[in-house]
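The structure appears right after this line, and notes come after that.
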Amino acid sequence: TGDLSDQGALNAYFRLRDYTRSVCQHQFWLLGNHDHAETLRKATDDNKDLIRNDIRVGAWQIVMLNSQIPGQVGGRLGPRQLALLEEALQAGADAGLNTLVCLHHQPEPVGSAWIDSQAVLDADEMFAVIEQYPNAKAVLWGHVHQEVDYLRKSVRMLATPSTCIQFARHSDDFKVDDLPPGFRHLQLLPDGSINTQVYRVTDRSFTVDLGSSGYL
Ligand SMILES: [Fe+2]
Numbered sequence: 007t008g009d010l011s012d013q014g015a016l017n018a019y020f021r022l023r024d025y026t027r028s029v030c031q032h033q034f035w036l037l038g039n040h041d042h043a044e045t046l047r048k049a050t051d052d053n054k055d056l057i058r059n060d061i062r063v064g065a066w067q068i069v070m071l072n073s074q075i076p077g078q079v080g081g082r083l084g085p086r087q088l089a090l091l092e093e094a095l096q097a098g099a100d101a102g103l104n105t106l107v108c109l110h111h112q113p114e115p116v117g118s119a120w121i122d123s124q125a126v127l128d129a130d131e132m133f134a135v136i137e138q139y140p141n142a143k144a145v146l147w148g149h150v151h152q153e154v155d156y157l158r159k160s161v162r163m164l165a166t167p168s169t170c171i172q173f174a175r176h177s178d179d180f181k182v183d184d185l186p187p188g189f190r191h192l193q194l195l196p197d198g199s200i201n202t203q204v205y206r207v208t209d210r211s212f213t214v215d216l217g218s219s220g221y222l
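Here you go:
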């Protein structure tokens, strides 16, 4: 869910691509605020599937949205991504598919003022679309570097710890946490429900500079 590199370097994408290829058969990327769209596309030239918008697997479709505003930290979907979301939800409904919506920025506040100022600007429009489609089951995002899991009406809202540094929860100012890097496993069940769990990487030593004033 984005921020696949710190500064959008071509070699960073090559390294990530080659590593992830060695450990998983399928992978799908979307843009975060740290990513450089053109460079990322160049790095994935040989595999267009990496940045496709709609993925179908079993009784599910996964819609990958771009919330990046080039040159800015905060997020916005804009009319094109919102239209893409609506088209995908309609197509999913027609095909009887449940939908997981993925994007980089948080569509709702997570309770930390500094990062909540970077939330998706047009999230209301996104939810207006989502609420029309009962097949929209979950929204999953990155950017906030912490675990989030709650229900918004009937939609599961999920954020995942960073594979890098974690941000402290409920802190008005930027603050890092000393929790280890983490990732989320999701099991998309045929009935539209989701089994999901966050795992922390505990078998490596990982030193965090808690006094840092900035991290990815
Ligand atoms: Fe980000």
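Here the working numbering is used: the sequence shown runs in plain steps of one and ends on residue 222.
Where is the CB? At the ideal position from N, CA and C, for every residue including glycine.
For residue i, three-class secondary structure by DSSP
i           : result
residue 130 : helix
residue 7   : coil
residue 195 : coil
residue 182 : strand
residue 161 : strand
residue 17  : helix
residue 64  : coil
residue 105 : strand
residue 147 : strand
Counted within 10 angstroms of its Cβ, other Cβ atoms place residue i as buried (16 or more) or exposed
i           : result
residue 39  : buried
residue 207 : exposed
residue 104 : buried
residue 170 : exposed
residue 212 : exposed
residue 19  : buried
residue 9   : buried
residue 2   : Here the chain has residues from 7 to 222 only, and residue 2 is not among them.
residue 66  : buried
Beta-ladder partner(s) of residue i, from DSSP
i           : result
residue 206 : 188
residue 156 : 163
residue 173 : 182
Sequence-ordered residues whose beta carbon comes within less than 5 Å of a heavy atom of ligand 1 | 9, 38, 39 and 149
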